[in-house]
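Have a look at the structure below before the remarks.
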Amino acid sequence: MNGGSLGLRTGSYGLLQNINRAIAGGEISKSLSNVRKSSTKMLSGIREKERPLPNAWYRYIGCRKFSMLLLIAFALLVFALGSFVVNKDSTSPNVLQRIGTLGIVPYVNGGHHEASQILGEKDKKKDENRFLIPAFKGASVLPFHHPCANFTFPPPPPPTRRRLGPRPCPVCYLPVDQAIASMPSSSSASPVLHNLTYVLNENPIKSEPHGGSDFGGYPSLKQRNDSFDIKESMAVHCGFVKGSKPGHGTGFDFDESDLAELQQFHDIIVASAIFGNYDIIQHPQNISEEAKKNIPFYMFVDEETEAFMKNRSILSSSKRVGLWRIVVIHNVPYSDARRNGKVPKLLLHRIFPNVRYSIWIDGKLQLVVDPYQVLERFLWRQNANFAISRHYRRFDVFVEAEANKAAGKYDNSSIDEQVDFYKKEGLTPYSEAKLPITSDVPEGCVLIKEHIPITNLFTCLWFNEVDRFTSRDQLSFAIVRDKIMTKVDWSINMFLDCERRNFVIQRDSIGFCWILPTFFPCICLDCGIYWFDG
Numbered sequence: 001m002n003g004g005s006l007g008l009r010t011g012s013y014g015l016l017q018n019i020n021r022a023i024a025g026g027e028i029s030k031s032l033s034n035v036r037k038s039s040t041k042m043l044s045g046i047r048e049k050e051r052p053l054p055n056a057w058y059r060y061i062g063c064r065k066f067s068m069l070l071l072i073a074f075a076l077l078v079f080a081l082g083s084f085v086v087n088k089d090s091t092s093p094n095v096l097q098r099i100g101t102l103g104i105v106p107y108v109n110g111g112h113h114e115a116s117q118i119l120g121e122k123d124k125k126k127d128e129n130r131f132l133i134p135a136f137k138g139a140s141v142l143p144f145h146h147p148c149a150n151f152t153f154p155p156p157p158p159p160t161r162r163r164l165g166p167r168p169c170p171v172c173y174l175p176v177d178q179a180i181a182s183m184p185s186s187s188s189a190s191p192v193l194h195n196l197t198y199v200l201n202e203n204p205i206k207s208e209p210h211g212g213s214d215f216g217g218y219p220s221l222k223q224r225n226d227s228f229d230i231k232e233s234m235a236v237h238c239g240f241v242k243g244s245k246p247g248h249g250t251g252f253d254f255d256e257s258d259l260a261e262l263q264q265f266h267d268i269i270v271a272s273a274i275f276g277n278y279d280i281i282q283h284p285q286n287i288s289e290e291a292k293k294n295i296p297f298y299m300f301v302d303e304e305t306e307a308f309m310k311n312r313s314i315l316s317s318s319k320r321v322g323l324w325r326i327v328v329i330h331n332v333p334y335s336d337a338r339r340n341g342k343v344p345k346l347l348l349h350r351i352f353p354n355v356r357y358s359i360w361i362d363g364k365l366q367l368v369v370d371p372y373q374v375l376e377r378f379l380w381r382q383n384a385n386f387a388i389s390r391h392y393r394r395f396d397v398f399v400e401a402e403a404n405k406a407a408g409k410y411d412n413s414s415i416d417e418q419v420d421f422y423k424k425e426g427l428t429p430y431s432e433a434k435l436p437i438t439s440d441v442p443e444g445c446v447l448i449k450e451h452i453p454i455t456n457l458f459t460c461l462w463f464n465e466v467d468r469f470t471s472r473d474q475l476s477f478a479i480v481r482d483k484i485m486t487k488v489d490w491s492i493n494m495f496l497d498c499e500r501r502n503f504v505i506q507r508d509s510i511g512f513c514w515i516l517p518t519f520f521p522c523i524c525l526d527c528g529i530y531w532f533d534g
């Protein structure tokens, strides 16, 4: 690799909703939130229910033989369901016509290229070379002497050998010292917008029937539309409308000691959050000494999560858990823990006004690659200032909305209202007309961002959509991105989701095992993976 390091993992941590729904008859997705918060009770309850096996069968064929027969039957059932899911996904007209399939092709001189079939069967007959496109407008081409210039993806396995679910793929990272040397010495230019300020209002009043909150300030539809008219100087709603500064009497409030620390200058921060005691804190791995010394890791938690951590002796007065500096949030603005999580996710530039770069990872994820290497690979090398992975399977907002409804992610009427609103604004199903944009649906659990006015505006307006409509940020991403891109020469690096799975992994998937005398067949409720434990 001539100095480049190859990140390669072989595990799968994806979400296979079809398997979940098939195995659980459609009830797993409705109970996931309760499962995560009471996994211990669930495990014990399942074990109590599974142990009483019919005594007659034991007498007739014996415990061990009965266990083996049950295990074989379960394995056959899972295999049949998996085959059904593969066949259904590969032949469904809805998938072919509105989502398409993604093929990975080699890098061309270090520039990231991919093939994306997006119109269905009729496009398979056309010249596939027209799909060999840059990942985003403005992507750089690596010089031939770059350590990763000749890196290529391995060829995909034949269809008969492909396994279910999304998987990580190899990524060429520079060594940490070279990645640090690649950090730009000055900020990227912000097109058109140079001065961004934020609306303050001590007494926000809801004047229109759409959603919104006191925290967001209830921007009117006119104010919303005006915020997409990009000018050199702008003032927009961006949460924290009350109080003198974010976190001080605004809702989503910090302790005074934390406020002072959050104002400090940092080149890079890593941030995450756990609200409603919903996830288990994950400890970063493979972090260099340089990163440990220079990059702070902040974990935002609400009072409920703080109480749990203290009761379990996870959190002490030092406010540190491993590399994470714990920041407790008071007076959370929303009753929905997931919506509260959107505040630090999308508004880090308001919480950290003196930071150059940030990496956001959802609380369920574990970072396993050094932050310097991640930034070099997805921002600095690509000449980008905002990066996010696309969804591994869905490219179209309308398909994503239907998937959210089917999985019970939000009430159907609210999802329909949001999508209908966007449709009236001109949002259309994803098609090749959008190339080089390769997807309208992100996998939003990781955001890699340079804090400059245009990217700060983007996340402000994205947050305003989450505040006004549903908290499903995948539905509002494309409309905000596209409206900004029609006004200024700016784009987002939407990299492959298998690349994201190379540097963050999900460790806290909830699963259960059928207790048998010899070994346990297990099923992961979050990812649909089954395994055998002895």
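Heads up, the final residue of the sequence shown is numbered 534 in full-length UniProt numbering, and it's a clean run with no missing numbers. Heads up, the beta-carbon is just placed ideally off N, CA and C, and yes, glycines get one too. Bear in mind that the values here come from a model prediction, so they are computed numbers and not experimental data.
Would you call the stretch 286 to 305 and the stretch 207 to 222 touching, i.e. three or more CB-CB distances under 8 Å?
-> Segments in contact, no.
Classify Asp255 as helix, strand or coil using the three-state DSSP reduction.
-> Coil at Asp255, not helix or strand.
Run the CB neighbour count on His451, radius 10 Å, all protein chains shown included, and call it buried at 16 or more, exposed below.
-> Buried, since its Cβ has 16 or more Cβ neighbours within 10 Å.
Stretch-stretch touch, CB-based, cutoff 8 Å, three pairs: the stretch 428 to 440 with the stretch 377 to 396 | As far as the Cβ criterion goes, the stretch 428 to 440 touches the stretch 377 to 396, which means the pair count is three or higher.
Proximity of Asn331 and Phe254 at Cβ, strictly below 8 Å | Result no, Cβ atoms of Asn331 and Phe254 do not sit closer than 8 Å.
What are the start and end residues of each continuous beta strand (DSSP E) run of 3 or more residues lying completely inside the stretch 176 to 220, in chain order?
-> The stretch 176 to 220 contains these whole beta strand (DSSP E) runs: 195 to 198.
Can you list, in chain order, the residues of its chain whose CB lies under 7 Å from that of Gln373, leaving out five sequence neighbours each side?
-> A distance below 7 Å between beta-carbons, with the five flanking residues on each side excluded, links Gln373 to the following residues of its chain, in chain order: Tyr173, Leu174, Val176 and Ala179.
Hey, would you say Tyr410 sits closer than 8 Å to Ile479, going by beta carbons?
-> No, the Cβ-Cβ distance between Tyr410 and Ile479 is not below 8 Å.
To the nearest angstrom, how far is it from the Cα of Leu53 to the Cα of Cys445?
-> Caution applies to Leu53, whose pLDDT of 42 falls short of 50 and renders its modelled position unreliable; the value that the coordinates give is listed next. Spanning the two alpha carbons is a distance of roughly 42 Å.
Classify Gly444 as helix, strand or coil using the three-state DSSP reduction.
-> Correct three-state label for Gly444: strand.
Nearest to Tyr357 by CA position, among Val343, Gly211 and Phe378, is which residue?
-> Out of Val343, Gly211 and Phe378, Phe378 has the C-alpha closest to the C-alpha of Tyr357.
Cys498 and Val236: beta carbons closer than 8 Å?
-> Taking 8 Å as the Cβ cut-off, Cys498 and Val236 do not qualify as a contacting pair.
Flag this pair as yes or no: are the beta carbons of Ser272 and Gly363 separated by less than 8 Å?
-> Going by C-beta atoms, Ser272 is nearer than 8 Å to Gly363.
Measuring alpha carbon to alpha carbon, tell me which of Val488, Val141, Thr486 and Glu465 ends up nearest Phe477.
-> Of Val488, Val141, Thr486 and Glu465, the smallest CA-CA separation from Phe477 is found for Glu465.
State the CB to CB distance for the pair Ala403 and Arg394, rounded to an integer number of angstroms; the pair is presumed to be in contact (CB under 8 Å).
-> The pair is a contact, with the Cβ atoms about 6 Å apart (cut-off 8 Å).
May I have the straight-line CA-CA distance separating Ser313 from Trp324, to the nearest angstrom?
-> Across the structure, Ser313 and Trp324 are spaced so that their CA atoms are roughly 15 Å apart.
Could you name the residues that DSSP lists as bridge partners for Arg325?
-> According to DSSP, which records beta bridges pairwise, Arg325 is partnered with Tyr298 and Arg320.
Can you list, in chain order, the residues of its chain whose CB lies under 7 Å from that of Pro246, leaving out five sequence neighbours each side?
-> Counting only Cβ-Cβ distances below 7 Å, and skipping sequence neighbours, we find Phe240, Arg350 and Ile351.
Helix, strand or coil for Asp267, going by three-state DSSP, please let me know.
-> In this structure, Asp267 counts as strand in the three-state DSSP scheme.
Run the CB neighbour count on Phe265, radius 10 Å, all protein chains shown included, and call it buried at 16 or more, exposed below.
-> Exposed, by the Cβ-count rule.
Just how far apart, CA to CA, sit Pro371 and Pro191?
-> Roughly 26 Å separates the two Cα atoms.
Whole-Å CB distance - Phe463 paired with Cys238, under 8 Å assumed = With a beta-carbon spacing of about 7 Å, Phe463 and Cys238 fall inside the 8 Å limit used to define contacts.
How many whole angstroms separate the CB atoms of Val504 and Gln366, which I take to be in contact at a CB cut-off of 8 Å?
-> Their Cβ separation, rounded to whole angstroms, is 6 Å, which keeps Val504 and Gln366 in contact under 8 Å.
Below 8 Å on the Cβ atoms is my guess for Val301 versus Ile326; work out the distance and round it to an integer in Å.
-> With 8 Å as the limit, Val301 and Ile326 qualify as a contact, their Cβ atoms being about 6 Å apart.
Excluding sequence positions up to five away, which residues of its chain have a Cβ less than 6 Å from the Cβ of Ser233?
-> Correct list, in chain order: Asn195.
For Lys242, name the three-state secondary structure that DSSP assigns.
-> Three-state result, Lys242: coil.
From Gly426 to Ala260, what does the alpha carbon distance come to, in whole angstroms?
-> Cα to Cα, Gly426 sits roughly 44 Å from Ala260.
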